[in-house]
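Asker: Sequences listed follow chains A and B, in order.
1 is the number of the first residue of the first sequence in our numbering; add one for each residue after it.
164 is the number of the first residue of the second sequence in our numbering; add one for each residue after it.
Don't be surprised by glycine CBs; every beta carbon is placed ideally from N, CA and C.
These figures come from a predicted structure and were not determined experimentally.
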Amino acid sequence: MRHIIAVLLENEAGALSRVAGLFSARGYNIESLTVAPTDDPTLSRMTLVTTGNEEIVEQIKKQLNKLIDTVKLLDLTEGPHIEREMMMIKVRAEGENREELKRLTEIFRAKIIDVTDVSYVVELTGASKKLDAFIDAVPQGLIVEVVRSGPTGIARGEKGLTL
Amino acid sequence: MEPNAVQLSGAEILVQALIDEGVQYVFGYPGGSVLHIYDALFKQDQVKHILVRHEQGATHAADGYARATGKCGVCLVTSGPGATNAVTGIATAYMDSIPLVCITGQVPTPVIGSDAFQEVDTVGITRPCVKHNFLVKDVRHLATTLRKAFYIATTGRPGPVVVDIPKDVTDPNIKIPYAYPRDLRMRSYHPTEKGHLGQIKKALELMLQAKRPILYTGGGVVMGEGSAQLTELVRLSGFPITSTLMGLGAYPMTDPQFLGMLGMHGTYEANMAMHETDVLIAIGARFDDRVTGKIEQFCPHAKVVHIDVDPSSISKNVRVDVPVVGQVASVLTELLRLWKEQAPAPTGTTRPLADWWEKIDAWRRVDCLSYDRTSAKIKPQFAVETLYQVTGGDLYLTSDVGQHQMFAAQFYPFDKPRRWINSGGLGTMGFGLPAAMGVQIAFPEAAVACISGDASILMCIQEMATCKQYNLPIKVILLNNGYMGMVRQWQEFFYGSRYSHSYVDALPDFVKLAESFGHVGMRVERPGDLAAAMQEAFAMKDRFVFLDVVVDPTENVYPMIAAGKGHHEMHLAPSLSERELA
Ligand SMILES: Cc1cc2nc3c(=O)[nH]c(=O)nc-3n(C[C@H](O)[C@H](O)[C@H](O)COP(=O)(O)OP(=O)(O)OC[C@H]3O[C@@H](n4cnc5c(N)ncnc54)[C@H](O)[C@@H]3O)c2cc1C
Ligand SMILES: Cc1ncc(C[n+]2csc(CCOP(=O)(O)OP(=O)(O)O)c2C)c(N)n1
Ligand SMILES: [Mg+2]
């Protein structure tokens, strides 16, 4: 099963490589990993998506918790939560495709954030599935480049993953 | 910081922090990046530095010191090759959860990343085999980082911590105020002490209902100083007990309730009891594959209780029914209290669990460790038994890796914890001799021996020079079979006796070798001479003695569970397997 796990880490040099090293050393799957400092500059928040059976995911969480740099961990999959991923996609936009792509952008409530005579860069935020759907909807052969942030997430409700 | 705090350089801070941690010995080897530190060491006499002959020796010596004393071992090595040489020892300590602080020199901060002379990414190289590591880039962080390193290494599930210190951070000309941060708090690290009361009650319930219980204990009982509580629990419960290689001695091995070691080379009775138990109580043990054999066949009838300080040890390899996370001593104390409250002490004459013990006694009668006592050659088992008799069981015994290690575990019954010191998880050949140095330095008056093999001993043989320099009266008991015996055994069993490169051709003359280092060398070839030779060796209380014992080259370690087999599928010694087993 797919799990999305949020981790508060000490914002120390090397904290990220400890996480990456853990996954490669123990042979765990890692689908995506995003990390950035939080409002508290001494803390980073990492979101990672992994898959495995319940026992493996349990071990992954225990091993992540065991890292000395881990301050707190929450498996977002265990409760109601919101996931968002951001994508920038560069597409060839010439002739009739220009209009077609613009329409597509509107349907998906995406934004065109860079324009040349022959190309667009489209920005789209949403659940990962929506991003997939946009990619599928772009006519064959027009995609030049796809950049995805990987999902981040937050639990619904009043409680926060804070210190 | 107090206004009138002392002003110290980074190098002085390091030394002062060691003093403030109560560190008595540092095992090390100098080099360019740590020269400021060596100069600071030179100017004081509170911390004693032991000069080894190879950085691997420094780590194993610090490790042996830690295993024997329970204190944190400390080593100090230079950057680059000093650090890479230390890696094997760090990984050895990591696999066996030994508290170690390893200080490594690093190239100066401005040149880090430039492939400077003797630069390696020590933090990167050691990351997968440490509990934690640090690169100290600013002298103002040095004292706190060292405090954290000792705290992390020694608490929770212990382990090695590397502190990598660039040379400019120890600059003697840059002085800052020093105060050692005694009460350290880390928001990201809170090792568990007490077990959850509800879980302990559940464990007790299972134990009280058990018909065929067994305690399976490991290195965590030794490290967690849980021997007294464990012993009381075994007496109170009347349960049989078995131990992993790492837990030997935590419960007296000469006691009748002890079934011997379990696992790949464990006893028939211990492994059969594991196979038939209905309630398994694992304490400070990590269900290693050498212990479990084939997981699908592991304790097929058992409910499992697991007491361990590390949540990630629980249900890692084997599903656990009642996990208890906590320090072994604290959890067992609580368990004992509840037991005494709830269960009436056994009364009358009926032995508790009589049917279960009857079964166990029948397995015991197989006498799975028997060997040919009439042989004209010295059997390795006989050599260990003789060592036991000569030393009266009062010995610190370190070991290298191979058949000799297994024979020692099977034939030398330790009655106290911290007496049996060996590399179990990593299985590091070369561990024994330097580890014995650490033990002897901790206990100068104690009898300390290293049991070794003709292949293993050569891996850290240079440490004989260290033993000479510090007058360490260690006794090396070399079970010389002329083979990498453990490898030869596997090749005999599983590779059609094709002995590919397991013969140690061109062995040195060990007697002369020992003598050339300034030690006493002795060689024994006949069983009848062995006891006298050992007595003579141990009588030389102030000499390092190398006893080269020529043993039967073809002896194998039995019983043996082949990889991927269950506990009930043991190979017994050929002479036994011919007999019909109950
Ligand atoms: C050649 C060879 C053959 C071997 N054959 C065997 C064999 O036949 N049988 C065998 O048993 N081993 C054998 N081993 C050793 C084996 O590889 C493992 O090292 C060993 O089984 C692990 O022992 P352990 O489970 O006690 O774990 P350790 O490595 O000692 O781990 C200790 C456990 O206790 C926990 N712990 C630590 N401190 C505390 C505390 N204070 N409170 C609570 N919990 C704590 C830790 O979290 C960990 O889970 C062999 C090794 C070699 C090299
Ligand atoms: C550093 C290292 N290299 C290789 C091995 C694999 N190995 C395990 S036992 C063994 C042979 C040990 O031979 P010896 O020291 O003579 O002991 P014996 O088995 O003969 O008693 C080897 C090569 C190891 N454990 N450690
Ligand atoms: Mg040998």
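Taking 8 angstroms as the cut-off, does the segment 657 to 670 of chain B touch the segment 682 to 696 of chain B (at least 3 CB pairs, one atom from each stretch)?
Answerer: no
Asker: Is the shortest distance between the beta-carbon of A/S149 and the beta-carbons of chain B less than 8 angstroms?
Answerer: By 1-based counting over the first sequence, the position of residue 149 of chain A is 149. No, A/S149 does not count as interfacial toward chain B.
Asker: Give me, in chain order, the residues of the same chain whose beta-carbon lies closer than 7 angstroms to that of B/V720; leave out the 5 immediate sequence neighbours on both sides.
Answerer: In the second sequence, counting from the first residue as 1, residue 720 of chain B sits at position 557. H428, Q566, M569, F570 and Q652, listed in sequence order.
Asker: Note down, in chain order, all residues in the segment 44 to 64 of chain A with a beta-carbon under 8 angstroms from any beta-carbon belonging to chain B.
Answerer: E55, E58, Q59, K62 and Q63
Asker: Taking CB distances under 8 angstroms as the criterion, tell me whether B/H295 reaches chain A.
Answerer: The sequence position of residue 295 of chain B within the second sequence is 132, counting from 1. True, the Cβ-Cβ gap to chain A drops below 8 angstroms.
Asker: Classify B/A745 as buried or exposed, calling it buried when 16 or more other Cβ atoms lie within 10 Å of its own Cβ.
Answerer: Against the second sequence, residue 745 of chain B aligns to sequence position 582. Low confidence applies to B/A745: its pLDDT is 42, below 50, so where it sits in the model is not reliable, and the reading given next is rough at best. Label assigned to B/A745: exposed.
Asker: Please confirm if A/V71 has its CB atom under 8 angstroms from at least one CB of chain B.
Answerer: Your numbering for residue 71 of chain A matches position 71 in the first sequence. At least one chain B Cβ lies under 8 angstroms of A/V71.
Asker: I want to know whether the segment 674 to 682 of chain B touches the segment 627 to 635 of chain B - three or more CB-CB distances under 8 angstroms.
Answerer: yes
Asker: Can you list, in chain order, the residues of the segment 258 to 286 of chain B whose Cβ is nearer than 8 angstroms to any Cβ on chain A?
Answerer: V286
Asker: Can you find a C-beta in chain A that's less than 8 angstroms from the C-beta of B/R449?
Answerer: For the purposes of this step, residue 449 of chain B is taken as residue 286 along the second sequence, with counting starting at 1. So no, B/R449 is outside the interface.
Asker: Going along the chain, which residues of the segment 14 to 30 of chain A sit with their C-beta nearer than 8 angstroms to a C-beta in chain B?
Answerer: G14, S17, R18, G21 and A25
Asker: Leaving out the 5 sequence neighbours to the left and right, which residues in its chain are closer than 6 angstroms to B/G389 when beta-carbon positions are compared?
Answerer: If you number the second sequence from 1, residue 389 of chain B lands on position 226. Same-chain partners within the cutoff: V491, A492 and L495.
Asker: Skipping 5 residues on each side, what residues in its chain have a beta carbon closer than 6 angstroms to that of B/Q219?
Answerer: Counting from 1 along the second sequence, the entry for residue 219 of chain B is found at position 56. Closer than 6 angstroms at the Cβ level, and outside the excluded window around B/Q219, lie N248, T251 and G252.
Asker: Considering only residues of the segment 381 to 417 of chain B, which uninterrupted beta strand (DSSP E) runs meet the minimum length of 3 residues and lie entirely inside it, listed in chain order?
Answerer: 404 to 406
Asker: Below 6 angstroms CB to CB, which residues in the same chain sit around B/V467 once its five sequence neighbours on both sides are set aside?
Answerer: Counting from one through the second sequence, the residue named residue 467 of chain B turns up at place 304. L443, V483 and D484.
Asker: B/T247 lies in the alpha helix (DSSP H); which residues open and close that run?
Answerer: For this step, residue 247 of chain B is matched to residue 84 along the second sequence. Counting along the chain, the alpha helix (DSSP H) containing B/T247 begins and ends at P244 to M258.
Asker: Quick one: list the residues of chain B neighbouring A/E10, beta-carbon separation under 7 angstroms, in chain order.
Answerer: Start at 1 with the first residue of the first sequence, and residue 10 of chain A comes out as number 10. Neighbours of A/E10 on chain B, chain order: S351.
Asker: Against A/K164, what residues of chain B qualify as contacts under a CB-to-CB distance less than 8 angstroms, listed in chain order?
Answerer: This structure does not reach residue 164 of chain A, given that chain A is present from 1 up to 163, and the question cannot be answered.
Asker: Quick check on the burial criterion: 16 or more other C-beta atoms within 10 angstroms. Buried or exposed for B/P636?
Answerer: Position 473 of the second sequence, counted from the first residue, corresponds to residue 636 of chain B. Buried is the call here.
Asker: When the Cα atoms are used, what is the spatial distance from B/G517 to B/G423?
Answerer: Residue numbering aside, residue 517 of chain B sits at position 354 when the second sequence is read from its first letter. Residue numbering aside, residue 423 of chain B sits at position 260 when the second sequence is read from its first letter. One point to set straight first is that residue 517 of chain B is Ala, not Gly, in the sequence displayed. Each residue's alpha carbon lies about 19 angstroms from the other.
Asker: Does the Cβ-Cβ distance between B/H264 and B/V302 come in under 8 angstroms?
Answerer: Here residue 264 of chain B refers to the residue found at position 101 when the second sequence is read from its first residue. Here residue 302 of chain B refers to the residue found at position 139 when the second sequence is read from its first residue. The sequence as given places Val at residue 264 of chain B; His does not occur at that position. The Cβ atoms of B/V264 and B/V302 lie no closer than 8 angstroms to each other.
Asker: For the segment 589 to 639 of chain B, which segments carrying the beta strand (DSSP E) assignment without a break, of at least 3 residues, lie completely within its bounds, in sequence order?
Answerer: Taking only runs of at least 3 residues, the beta strand (DSSP E) segments lying wholly in the segment 589 to 639 of chain B are 611 to 616.
Asker: Are there three or more Cβ pairs, one per stretch, closer than 8 angstroms when the segment 285 to 301 of chain B is compared with the segment 229 to 236 of chain B?
Answerer: no
Asker: Is it the case that the segment 572 to 582 of chain B contacts the segment 616 to 630 of chain B, given that we only count it when at least three CB pairs across the two stretches are under 8 angstroms?
Answerer: no
Asker: So, for B/P271: in the same chain, excluding its five sequence neighbours on each side, which residues have a beta-carbon less than 7 angstroms away from its beta-carbon?
Answerer: Within the second sequence, numbered from 1, the residue matching residue 271 of chain B stands at position 108. Answer for B/P271: P329, K330 and D331, listed in chain order.
Asker: Can you give the Cα-Cα distance for B/L499 and B/T355, rounded to whole angstroms?
Answerer: The count along the second sequence starts at 1 and reaches residue 499 of chain B at position 336. The count along the second sequence starts at 1 and reaches residue 355 of chain B at position 192. Looking at the two C-alpha atoms, the distance is approximately 19 angstroms.
Asker: For B/H731, write down the residues that DSSP places opposite it in a beta bridge.
Answerer: The residue labelled residue 731 of chain B in the question sits at position 568 within the second sequence. Paired residue(s): none; B/H731 is not in a bridge.
Asker: Can you tell me whether B/Y228 is helix, strand or coil according to DSSP?
Answerer: Here the question's residue 228 of chain B lines up with position 65 in the second sequence. Assigned with DSSP and collapsed to three states, B/Y228 falls in helix.
Asker: Note down the Cα distance separating B/E743 from B/R582, rounded to an integer number of angstroms.
Answerer: Here residue 743 of chain B refers to the residue found at position 580 of the second sequence. Here residue 582 of chain B refers to the residue found at position 419 of the second sequence. For B/E743, the predicted model reports a pLDDT of 48, less than 50, meaning its position is unreliable and no value from the coordinates is stated.
Asker: As a quick exercise: from B/G587, B/A525 and B/V713, pick the residue whose alpha carbon is nearest that of B/G645.
Answerer: Taking the first residue of the second sequence as 1, we reach residue 645 of chain B at position 482. Nearest C-alpha to B/G645: B/V713.
Asker: Strictly below 8 angstroms CB to CB, what residues from chain B border A/L163?
Answerer: If you number the first sequence from 1, residue 163 of chain A lands on position 163. Residues of chain B with a Cβ closer than 8 angstroms to the Cβ of A/L163 are, in chain order, R350.
Asker: In terms of residues, what are the limits of the alpha helix (DSSP H) holding B/P737?
Answerer: Looking up residue 737 of chain B in the second sequence gives position 574. Per DSSP, the unbroken alpha helix (DSSP H) holding B/P737 starts and ends at P737 to S740.
Asker: Do the CB positions of B/H223 and B/P597 come within less than 8 angstroms of each other?
Answerer: Stepping through the second sequence from its first residue, residue 223 of chain B is reached at position 60. Stepping through the second sequence from its first residue, residue 597 of chain B is reached at position 434. Closer than 8 angstroms, so yes.
Asker: Would you say B/Y646 touches ligand 3, meaning its beta carbon is less than 7 angstroms from a heavy atom?
Answerer: As a position in the second sequence, residue 646 of chain B is number 483, starting the count at 1. B/Y646: yes, Cβ under 7 angstroms from ligand 3.
Asker: Mind checking if B/R290 is an interface residue toward chain A, Cβ cutoff 8 angstroms exclusive?
Answerer: For this step, residue 290 of chain B is matched to residue 127 along the second sequence. Yes, its Cβ sits closer than 8 angstroms to a Cβ of chain A.
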